[in-house]
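>
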Amino acid sequence: MSSDHIAIAAPQLGAAERDRIAAVLESGMIADGPEVRGFEREFADYCGADHGVATSNGTTALHAALHALGVGPGDRVLTTPFTFIATANAVAFTGAEVGFVDIDPRTYNIDPDALEARLRAGEQVDAVIAVHLYGLPADMTRLTELAEEYDFLLVEDAAQAHGAEVEGRRVGSFGDAACFSFYPTKNMTTSEGGMITTNHADVAERAARFVDHGRVSGYEHAEVGHNFRMTSIAAAIGRVQLERLPEFTRARQANAAALTEYLEDSPVTTPHTPSDRTHVFHQYTVACDGIERDALKSYLDAKGIATGVYYPKPVHKQPAYEHLSVSAPVAEEAAERVLSLPVHPGLSEADVERVGTAVANYAEVAR
Numbered sequence: 001m002s003s004d005h006i007a008i009a010a011p012q013l014g015a016a017e018r019d020r021i022a023a024v025l026e027s028g029m030i031a032d033g034p035e036v037r038g039f040e041r042e043f044a045d046y047c048g049a050d051h052g053v054a055t056s057n058g059t060t061a062l063h064a065a066l067h068a069l070g071v072g073p074g075d076r077v078l079t080t081p082f083t084f085i086a087t088a089n090a091v092a093f094t095g096a097e098v099g100f101v102d103i104d105p106r107t108y109n110i111d112p113d114a115l116e117a118r119l120r121a122g123e124q125v126d127a128v129i130a131v132h133l134y135g136l137p138a139d140m141t142r143l144t145e146l147a148e149e150y151d152f153l154l155v156e157d158a159a160q161a162h163g164a165e166v167e168g169r170r171v172g173s174f175g176d177a178a179c180f181s182f183y184p185t186k187n188m189t190t191s192e193g194g195m196i197t198t199n200h201a202d203v204a205e206r207a208a209r210f211v212d213h214g215r216v217s218g219y220e221h222a223e224v225g226h227n228f229r230m231t232s233i234a235a236a237i238g239r240v241q242l243e244r245l246p247e248f249t250r251a252r253q254a255n256a257a258a259l260t261e262y263l264e265d266s267p268v269t270t271p272h273t274p275s276d277r278t279h280v281f282h283q284y285t286v287a288c289d290g291i292e293r294d295a296l297k298s299y300l301d302a303k304g305i306a307t308g309v310y311y312p313k314p315v316h317k318q319p320a321y322e323h324l325s326v327s328a329p330v331a332e333e334a335a336e337r338v339l340s341l342p343v344h345p346g347l348s349e350a351d352v353e354r355v356g357t358a359v360a361n362y363a364e365v366a367r
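If you use the working numbering, the sequence shown closes out at 367, no skipped numbers anywhere.
Below you can see the structure in the form of structure tokens.
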């Protein structure tokens, strides 16, 4: 599409999704059911994982995965402060203590060196949640090695990274469990929804029980659980979106490559992708070096180009967590510099050119 206003995100929904929804409505099975089981199998297969458990959203996926892994009071879970607050909240829901590790300044993901230093110092670490921010996987090779050496649980927060890879292996297949979101702005959507993938049958079984009121069968409940179930309507959308995900990913990567060319001599630093990873560009996030981020944002807004700041305040600076008195200077600096530009599959070549040239020309305009 090409229009006067360029959105920062646009879910790609069409006739195939409508037809699948209509079929579910016709079946009468609009809550949990075979459509959900099918989506679980297909998404797990896509990730290269043995099991999938669908949930109502990405936050409930994280909560259920941590519960299924036995995380609870007395445990300490480390993650990045440069993420959406849901990552930390999911830890808090279990009763465990959340801690934060600063980020790598180039990838914006958790810094394995900083984590290793704290492990070597003897800090209690029972689990680590590795967020794949903006669609770029964290360094899962290093993190997996550290998990094995120091015996902690490793969970992927892959809410923004559907289809991303590390050394040819898709996210969702590493560690003890992985969690995805299917919110409308994500690389694929179910309207609202989430998914846990794991290679451990016992983790999948406990997660599936927890998201369904602790149900074993019928009205037999083995534990206190929640209603975190996905609906069949959401799963129907997800099954079509999963088929279209490779198409979406190619479009995002092509748009990102074009933006990088336009911005080669611009006043911003373009995204960095390590050679062992593939980026699926949930966001195309630049760093504003030598220019004022908010001024550039206002300039683009005035030109009808929407942008986003993900995230303006790191989690450890949020009122809910600032009592932890965490030091994360790299994350704090990133929060002042990052700006995400439109990269979604709905952009036309003209849209991408308009975004790229507007940013590239800003240095001249700002003089």
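Beta carbons: idealized from backbone N, C-alpha and C, even for Gly. None of the values given here were measured: they were computed from a predicted structure.
Applying the criterion that 16 or more other CB atoms from any shown protein chain within 10 Å of the CB defines a buried residue, is S2 buried or exposed?
By 1-based counting over the sequence shown, the position of residue 2 is 2. With a pLDDT of 44 at S2, under the threshold of 50, the modelled position of this residue cannot be trusted; read the value that follows with caution. S2 should be labelled exposed.
> Based on the DSSP output, what are the partners of M195 in its beta bridges?
Start at 1 with the first residue of the sequence shown, and residue 195 comes out as number 195. Its beta-bridge partners are A54 and F180.
> Going by the DSSP bridge assignment, what does L66 pair with across the sheet?
Counting from one through the sequence shown, the residue named residue 66 turns up at place 66. According to DSSP, which records beta bridges pairwise, L66 is partnered with nothing at all.
> Going by the CB atoms, is the gap between A256 and V343 shorter than 8 Å?
Translated into positions along the sequence shown, residue 343 becomes position 343. Translated into positions along the sequence shown, residue 256 becomes position 256. Going by C-beta atoms, V343 is nearer than 8 Å to A256.
> Counting C-beta neighbours from all protein chains within 10 Å, is the total for P246 16 or more, i.e. buried, or is it exposed?
Here residue 246 corresponds to residue number 246 of the sequence shown, with the count starting at 1. Exposed.
> Which of helix, strand or coil does DSSP assign to M1?
Start at 1 with the first residue of the sequence shown, and residue 1 comes out as number 1. With a pLDDT of 42 at M1, under the threshold of 50, the modelled position of that residue is not reliable, and no figure is offered here.
> Do you know offhand how far G175's Cα is from A302's?
Taking the first residue of the sequence shown as position 1, residue 175 is located at position 175. Taking the first residue of the sequence shown as position 1, residue 302 is located at position 302. Between the alpha carbons of G175 and A302 lies a distance of about 44 Å.
> Who are the Cβ neighbours of D212 in its own chain at under 7 Å, not counting the five residues just before and after it?
On the sequence shown, residue 212 is found 212 positions in, with the first residue counted as 1. Closer than 7 Å at Cβ, skipping near neighbours: G225 and R229.
> Is the Cβ-Cβ distance between A68 and V203 less than 8 Å?
The residue labelled residue 68 in the question sits at position 68 within the sequence shown. The residue labelled residue 203 in the question sits at position 203 within the sequence shown. Yes. Within cutoff.
> Is it the case that the Cβ atoms of F152 and A328 are separated by a distance below 8 Å?
Here residue 152 is taken as the residue at index 152 of the sequence shown, counted from 1. Here residue 328 is taken as the residue at index 328 of the sequence shown, counted from 1. No, these two residues do not count as a Cβ contact at 8 Å.
> On a Cα-Cα basis, can you pick out the residue from N187, Y262, F210 and T185 that is closest to I196?
Numbered from its first residue, the sequence shown carries residue 196 at position 196. Among N187, Y262, F210 and T185, the Cα nearest to that of I196 belongs to F210.
> Who are the near neighbours of R106 in its chain, counting only those whose CB is closer than 7 Å to its CB and skipping five residues on each side?
Within the sequence shown, the letter at position 106 stands for residue 106. If you ignore the 5 residues before and after R106, its C-beta comes within less than 7 Å of the C-beta of H272, all in its own chain and listed in chain order.
> Look at the alpha carbon of D75 and the alpha carbon of V98, and state the distance between them as a whole number of angstroms.
For the purposes of this step, residue 75 is identified with residue 75 of the sequence shown, where counting begins at 1. For the purposes of this step, residue 98 is identified with residue 98 of the sequence shown, where counting begins at 1. Computed Cα separation, rounded: 9 Å.
> In the DSSP assignment, what residue or residues form a beta bridge with Y284?
Translated into positions along the sequence shown, residue 284 becomes position 284. Y284 pairs with L341.
> What does the Cβ neighbour count give for S380, buried or exposed, with the cut at 16 atoms within 10 Å?
Examination of residue 380 is not possible in this model, given that the chain is present from 1 through 367 alone.
> Please identify the residue among I305, L347, V166 and A363 whose C-alpha is closest to the C-alpha of L263.
The count along the sequence shown starts at 1 and reaches residue 263 at position 263. Ranking the options by Cα distance to L263, first place goes to A363.
> Using 10 angstroms around the beta-carbon of A64, count the other beta-carbons present and answer buried if the total reaches 16, otherwise exposed.
In the sequence shown, the residue the question calls residue 64 occupies position 64. The residue in question, A64, is buried, as its Cβ has 16 or more Cβ neighbours within 10 Å.
> What residue from Y183, F180, T185 and L62 has the CA that sits closest to A127's CA?
As a working mapping, residue 127 is identified with position 127 in the sequence shown. Taking only the C-alpha atoms, the option nearest A127 is L62.
> Let me know the secondary structure DSSP gives H316 once reduced to three states.
Here residue 316 is taken as the residue at index 316 of the sequence shown, counted from 1. Here H316 sits in helix by DSSP.
> Is the distance from the Cβ of P312 to the Cβ of A331 below 8 Å?
Translated into positions along the sequence shown, residue 312 becomes position 312. Translated into positions along the sequence shown, residue 331 becomes position 331. The beta carbons of P312 and A331 sit no closer together than 8 Å.
> Taking the alpha-carbon of A88 as reference, which of L324, D32, A114 and F39 has the nearest alpha-carbon?
For this step, residue 88 is matched to residue 88 along the sequence shown. For the residues L324, D32, A114 and F39, the minimum Cα distance to A88 belongs to L324.
> Smallest Cα separation from D173: which of V355, H162 and A117?
Sequence index remark: in the sequence shown, residue 173 carries index 173 (1-based). The identity of residue 173 in the sequence shown is Ser, whereas the question assumes Asp. Measuring from the Cα of S173, the nearest candidate turns out to be H162.
> Quick one: what does DSSP say I233 is sitting in, helix, strand or coil?
Sequence index remark: in the sequence shown, residue 233 carries index 233 (1-based). Residue state, collapsed to three classes: helix.
> Take T270 as the anchor and find which of D294, L259, R252 and I21 has the nearest alpha-carbon.
Counted from its first residue, the sequence shown places residue 270 at position 270. T270 has its Cα closest to that of L259, out of D294, L259, R252 and I21.
> Tell me whether H279 is buried or exposed, calling it buried when 16 or more other Cβ atoms sit within 10 Å of its Cβ.
Residue mapping note: residue 279 aligns to position 279 of the sequence shown, counting from 1. So H279 counts as buried.
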